Amino acid sequence: MANENSNSRVAWEHIVREKDKVGDAFYKTSDSVAEELHNEMVGKTVIITGVTSGSLGADAARVIAAHEPKLLILASRSESAIAKTIEEIKPTASAGTKIEPLIIDLSDQVSVRAAAKKVLELTPVVDVLINSAALMMIHKYTTNADGVEMHLAINHLGHFLFTNLIMSALLKSDGPGRVVNISAAAHRIGPFRFNDYNFGEGEAYDPTLGYAQSKCANLLFTRGLAHRLGHKRLLSYGVDPGGSITNLFHRAPKEEMLKHGWLLENGDPSPALLGGLKSVQQSVASYIVAAYSPEIKDKNGCTITGGIVDDTVAEHAKDPEAAEQLWNLSENLVGQKFSY
Numbered sequence: 360m361a362n363e364n365s366n367s368r369v370a371w372e373h374i375v376r377e378k379d380k381v382g383d384a385f386y387k388t389s390d391s392v393a394e395e396l397h398n399e400m401v402g403k404t405v406i407i408t409g410v411t412s413g414s415l416g417a418d419a420a421r422v423i424a425a426h427e428p429k430l431l432i433l434a435s436r437s438e439s440a441i442a443k444t445i446e447e448i449k450p451t452a453s454a455g456t457k458i459e460p461l462i463i464d465l466s467d468q469v470s471v472r473a474a475a476k477k478v479l480e481l482t483p484v485v486d487v488l489i490n491s492a493a494l495m496m497i498h499k500y501t502t503n504a505d506g507v508e509m510h511l512a513i514n515h516l517g518h519f520l521f522t523n524l525i526m527s528a529l530l531k532s533d534g535p536g537r538v539v540n541i542s543a544a545a546h547r548i549g550p551f552r553f554n555d556y557n558f559g560e561g562e563a564y565d566p567t568l569g570y571a572q573s574k575c576a577n578l579l580f581t582r583g584l585a586h587r588l589g590h591k592r593l594l595s596y597g598v599d600p601g602g603s604i605t606n607l608f609h610r611a612p613k614e615e616m617l618k619h620g621w622l623l624e625n626g627d628p629s630p631a632l633l634g635g636l637k638s639v640q641q642s643v644a645s646y647i648v649a650a651y652s653p654e655i656k657d658k659n660g661c662t663i664t665g666g667i668v669d670d671t672v673a674e675h676a677k678d679p680e681a682a683e684q685l686w687n688l689s690e691n692l693v694g695q696k697f698s699y
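So my numbering is basically just the index in the sequence shown, starting at one, shifted up by 359.
Encoded structure:
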């Protein structure tokens, strides 16, 4: 366990120093990218999960709402959280923008199925699905009602089920339909733990490794979608938004923040953390590229970071055999097969 903690610390320190060196694309913002892609954005039906105020998903909602979507569906487990975000984005939203709230608890398969059913009642077509909701480094080992470790349950499995349940609507898009899975640089820390994805029922649990495994799963799922549904014109992209101070960081346990050198003992952000950060708008630029850019249509299954294609994704997060293995495991965990 001590060796795993040490390895994860080294990996995070490397990421903070090196990951965002992607040239001028680093400085693009969600607003500037959206201005360039406005014509691609108009008239689309878009779903975003994880839209709590202050999150990357909320900024994506703000930007998309300003570019004449046909319908914007904002998904969160909290009705009040969605309402707050809607109020915040209304002043800059296009006139007549229709926004619908969607209650979804990604840790609860019953809730996910109910949310998917509502989506299909709201609209026959979904053009873009942005799977942005995430949980980061829970200090104490926790599982959902089905006994799945909570990072994996929320960050991957809930999105896997939701995406597949609304696939019929995505495949009806003229766009064609796009799925955008938000990962993180943490995917580099290690491969998916197929032999022990539940960390020995908590005995081998480490918060960083739990988060990292789920972020690796996001990219393997992206590859799996491209492989299984590319022939049906579905486009699937991963996004590594880079580090930015959002509510996800604020909710991370102080012990983990200190362990990785992100906080000083007095609670202030460390120079190492601040030196590797983007603004929220810089991070969300990659969301907009993945969701709308016509220039990446021939890059199905790729990952976007800094607004450009990331050719440095860890091999274990793009391995086709691992992607297939994760798909099969995910089907078993949700108790449903998806054939296309």
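We put the CB at the ideal spot given by N, CA and C, even for glycine. Just so it is clear, the structure is predicted and the values come from calculations on it, not from any experiment.
- At the C-beta level, L685 and L579 come within 8 Å of one another.
- I458: member of the beta strand (DSSP E) spanning 458-462, first to last residue.
- Judged by DSSP secondary structure, I663 falls within the beta strand (DSSP E) whose first and last residues are 662-664.
- Every alpha helix (DSSP H) of 4 residues or more that sits fully in the segment 425-509 is shown, in chain order, as 438-448, 468-481.
- In chain order, V668 place their CB closer than 7 Å to the CB of K658, counting only its own chain and leaving out the 5 sequence neighbours on each side.
- Excluding five sequence positions before and after A512, the CB atoms of its chain that fall closer than 6 Å to its own CB belong to S466, N503, given in chain order.
- When T456, G583, Y556, I441 are compared, the shortest CA-CA separation from V539 is found for G583.
- Per the C-alpha coordinates, the member of A473, S573, I497, L430 positioned closest to I541 is S573.
- Looking at the DSSP output, S542 shares a beta bridge with no other residue.
- In the same chain as P653, and ignoring 5 residues on each side of it, the C-beta atoms closer than 8 Å to its own belong to E399, in chain order.
- Around V484, the same chain offers T404, A528, K531, S532 as residues with beta carbons nearer than 7 Å, after the five sequence neighbours per side are excluded.
- Cβ neighbours of Y564 within its own chain (closer than 6 Å, five residues either side excluded): Y500, F558.
- The DSSP-derived three-state label of R421 is helix.
- Per DSSP, the beta-bridge partners of I407 are L433, I489.
- In the same chain as G455, and ignoring 5 residues on each side of it, no C-beta atom comes closer than 7 Å to its own.
- Annotation: L494 to L593 spans about 27 Å, alpha carbon to alpha carbon.
- In this structure, S435 keeps its C-beta atom at 8 Å or more from the C-beta atom of V469.
- Out of P535, P566, A571, T567, the CA that lies nearest to the CA of P550 is found in A571.
- The C-alpha of I463 is placed about 15 Å away from the C-alpha of M509.
- In the displayed model, V639 falls within a helix according to three-state DSSP.
- Contact between L488 and I458 fails: their C-beta atoms lie close to 16 Å from each other, not under 8 Å.
- A straight line joining the alpha-carbon of E438 with that of V422 spans about 21 Å.
- Per DSSP, the continuous beta strand (DSSP E) segment holding G597 begins and ends at 594-598.
- Distance from the CA atom of V598 to the CA atom of T451, rounded to whole angstroms, is 25 Å.
- Taking a C-beta distance under 8 Å as the contact criterion, I647 and V392 qualify as a contact pair.
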